[in-house]
Amino acid sequence: MPVSFAAVSEESVWKTCPLTPLVLPVTTTNEVQVAPNRGRGVIARYREFLPVSDSTPIISLGEGGTPLIFSPRLSAIVGRGCEVYLKYEGLNPTCSFKDRGMTMAVSKAVERGAAAVICASTGNTSASAAAYAARAGIRCAVVLPAGKIASGKLVQAFAYGAKVVAIEGNFDDALLIVRALGGRDDFAIVNSINPDRIAGQKTASFEIVDDLGDAPDLHLLPLGNAGNITAYWAGYREYREAGRSTRLPAMIGFQAAGSAPMFHGRIVEKPETIASAIRIGNPASWEAAGLAVRESRGAIDIVTDDEILAAQEWLATHEGIFVEPASAAPVAGLFKCCELTRTPVYSFTRISDGSRIVCTVTGHGLKDPDVITNREAKLTTVAPNDQDVLRAIGF
Ligand code: F0G
Numbered sequence: 036m037p038v039s040f041a042a043v044s045e046e047s048v049w050k051t052c053p054l055t056p057l058v059l060p061v062t063t064t065n066e067v068q069v070a071p072n073r074g075r076g077v078i079a080r081y082r083e084f085l086p087v088s089d090s091t092p093i094i095s096l097g098e099g100g101t102p103l104i105f106s107p108r109l110s111a112i113v114g115r116g117c118e119v120y121l122k123y124e125g126l127n128p129t130c131s132f133k134d135r136g137m138t139m140a141v142s143k144a145v146e147r148g149a150a151a152v153i154c155a156s157t158g159n160t161s162a163s164a165a166a167y168a169a170r171a172g173i174r175c176a177v178v179l180p181a182g183k184i185a186s187g188k189l190v191q192a193f194a195y196g197a198k199v200v201a202i203e204g205n206f207d208d209a210l211l212i213v214r215a216l217g218g219r220d221d222f223a224i225v226n227s228i229n230p231d232r233i234a235g236q237k238t239a240s241f242e243i244v245d246d247l248g249d250a251p252d253l254h255l256l257p258l259g260n261a262g263n264i265t266a267y268w269a270g271y272r273e274y275r276e277a278g279r280s281t282r283l284p285a286m287i288g289f290q291a292a293g294s295a296p297m298f299h300g301r302i303v304e305k306p307e308t309i310a311s312a313i314r315i316g317n318p319a320s321w322e323a324a325g326l327a328v329r330e331s332r333g334a335i336d337i338v339t340d341d342e343i344l345a346a347q348e349w350l351a352t353h354e355g356i357f358v359e360p361a362s363a364a365p366v367a368g369l370f371k372c373c374e375l376t377r378t379p380v381y382s383f384t385r386i387s388d389g390s391r392i393v394c395t396v397t398g399h400g401l402k403d404p405d406v407i408t409n410r411e412a413k414l415t416t417v418a419p420n421d422q423d424v425l426r427a428i429g430f
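Under my numbering, the first residue of the sequence shown is numbered 36, with each subsequent residue one higher.
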């Protein structure tokens, strides 16, 4: 039965959420849940669920074990005793969730004797592939859309010694090229079209269930090439089949309004959004992700760039969690789901009191410092004395 939603006003509640110190009762749920297995690496921790054998060389940088952070303010915004948690994937070794899949994909590539890995990327995959290839001692080639990669990611790909090729085209064009080149015996494709990537990424669901004691009721995440939502759903299902959880969450994916092929049900030839990670017009895992959404009775919705940037700022200034724009999409989506006037595809009026909601924030904000530096006023200097500094602080 739909529950009334009196806690949320017509006004955007989150905009008015006070930026005052929050006095929290000292309970375990208000503590950051640091997984005891931090630093072990996802293959060592979840080996029994992954396609590895004694002859697989494990190429790991200690990925996974990321914190599941309870968000008191987001929980208050949803209201009715619901709990919102943020799975902070920016704390992986190369600062995004890609490392979970990359440890698997590169381990299996080395097992098969590949001399190089190759990928198309909007940024994070390239950094992750480059790091794990360096660790494995094999070569890495990344194909990127020219001028569309956030500076923090390009720096990483160069630092790890990848061969970076920029094409005059978008991510979808880059992936077509990689599919063609990946047919060579010496190359292994490490995009999420490689099932080993999906296998590694599903470990995030395992961690969430292990931390919460069961699966959440709802899981919100950004949707780009659609591999991650596919992986999470596989993980939740597998864990339930293994008797580790009793329920399955509704999977809710958010696309950027200018880059929303699955929402509209058609390929977007020229996807546009500030959220470069999800600037994808023809997701490779479209079908599998669609199935995940249908089977889980979830939804796909869109958020605008303004909403994404506002959510990114809100998360940094209210929760101290700085994420890249794409990663703010599920938080923007959560705000939308709470506001009846914005006709969300999945209104939270339909969720039960006390529901547990997880948002995956997929990548670190330092990926794209330009988004913030372009917004903030330039620094001005003041005289080096305490009075002038105090005046400048404005207290
Ligand atoms: N969030 C971030 C930070 C990403 O980097 C990506 C994808 C997504 C969300 C979307 O995940 O594709 O599995 O639906 N980035 C890819 C890349 C495409 O090349 O780094 P998805």
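In this text, a Cβ means the ideal position worked out from N, Cα and C, and glycines have one as well.
Kindly indicate which three-state DSSP category SER331 falls into: helix, strand or coil? coil
Quick one: complete alpha helix (DSSP H) runs, 4+ long, within the region 156-227? Inside the region 156-227, DSSP marks whole alpha helix (DSSP H) runs of 4 or more residues at positions 159-171, 186-194 and 206-216, from first to last along the chain.
Which of the three DSSP states, helix, strand or coil, is assigned to GLU118? strand
So, using beta-carbon positions, are LEU255 and ILE233 closer together than 8 Å? no
GLU359: beta carbon under 7 Å from a heavy atom of ligand 1? yes
Return the CA-CA distance between PHE206 and GLY278, expressed in angstroms with no decimal places. 39 Å
Measure the alpha-carbon distance for ALA168 versus THR416 and round it to whole angstroms. Taking the straight line from one Cα to the other gives about 44 Å.
Can we count ALA312 as close to ligand 1, meaning its CB is less than 7 Å from some heavy atom? yes
Consult DSSP for ASP388 and reduce its assignment to one of helix, strand or coil. coil
Straight-line CA distance for ARG75 to GLY182? C-alpha separation (whole angstroms): 36 Å.
Going by C-alpha distance, which of SER131, GLY136, ALA209 and LEU103 is nearest TYR120? LEU103
Taking the alpha carbon of PHE222 as the reference point, which residue from ARG73, PHE84, CYS372 and GLY148 has its own alpha carbon closest? GLY148
Bounding residues of the alpha helix (DSSP H) (the contiguous stretch that carries PRO235): Rather than Pro, the amino acid found at residue 235 in this sequence is Gly. First-last of the alpha helix (DSSP H) with GLY235: 230-236.
Rounded C-alpha distance that separates THR352 from LEU344: Approximately 12 Å, taken between the alpha carbons.
Three-way DSSP call (helix, strand, coil) for ASP249 in this model: It is coil, neither helix nor strand.
Would you say PRO306 touches ligand 1, meaning its beta carbon is less than 7 Å from a heavy atom? no
I'd like the span of the alpha helix (DSSP H) that includes ALA367, first residue to last. For ALA367, the enclosing alpha helix (DSSP H) covers residues 360-372.
Should ASN409 go down as buried or exposed, given a rule of 16 or more other Cβ atoms within 10 Å for buried? exposed
Closer than 7 Å by C-beta to GLY158: which residues in its own chain qualify, once you throw out the five before and the five after it? Chain order, please. ILE184, ALA185, LYS188, SER311, ALA312 and LYS402
Endpoints, the alpha helix (DSSP H) within which LEU109 is located: 107-113
Could you tell me whether the region 134-150 touches the region 89-104, where touching means 3 or more Cβ pairs closer than 8 Å? yes
Looking only at C-alpha atoms, which of SER163, SER320 and ASP341 sits nearest to THR265? Minimum Cα distance to THR265 is reached at SER320.
Would THR62 be called buried (16 or more neighbouring beta carbons within 10 Å of its own) or exposed? Low confidence applies here, because THR62 scores a pLDDT of 41, under 50, leaving its location unreliable; read the following figure in that light. Label assigned to THR62: exposed.
Contact defined as beta carbons within less than 8 Å: I believe ALA151 pairs with ARG174. What is the distance between those atoms, to the nearest angstrom? 4 Å
Given 7 Å as the limit, tell me if ILE315 has its C-beta closer than that to any heavy atom belonging to ligand 1. yes
Could you round the C-beta distance between ALA285 and VAL338 to whole angstroms and report it? I think they count as a contact, below 8 Å. Actually they are not in contact, since the Cβ atoms of ALA285 and VAL338 sit about 18 Å apart, beyond 8 Å.
How long is the line joining the alpha carbons of ARG282 and ARG426, rounded to whole angstroms? 56 Å
How is the alpha helix (DSSP H) around GLY262 delimited, first residue to last? Where GLY262 is concerned, the enclosing alpha helix (DSSP H) stretches over 262-276.
Say the cut is 7 Å; is the CB of PRO230 nearer than that to a heavy atom of ligand 1? no
Among GLY316, ALA144 and GLU273, whose alpha-carbon lies nearest the alpha-carbon of PHE241? GLU273
Which first and last residues belong to the alpha helix (DSSP H) in which ILE287 is found? First-last for ILE287: 285-291, but that is the beta strand (DSSP E), not the alpha helix (DSSP H).
Taking ASN31 as the reference, give the member of ALA144, GLU304, ALA201 and ALA197 with the closest Cα. For residue 31 there is no data in the structure shown, the boundaries of the chain being 36 and 430.
Classify HIS399: buried if its beta carbon has 16 or more other beta carbons within 10 angstroms, exposed otherwise. buried
Check: ASN260 C-beta below 7 Å from any heavy atom of ligand 1: Under cutoff, so the answer is yes.
CB contact flag (PHE289, PRO365, <8 Å): A contact, by the Cβ cut-off of 8 Å.
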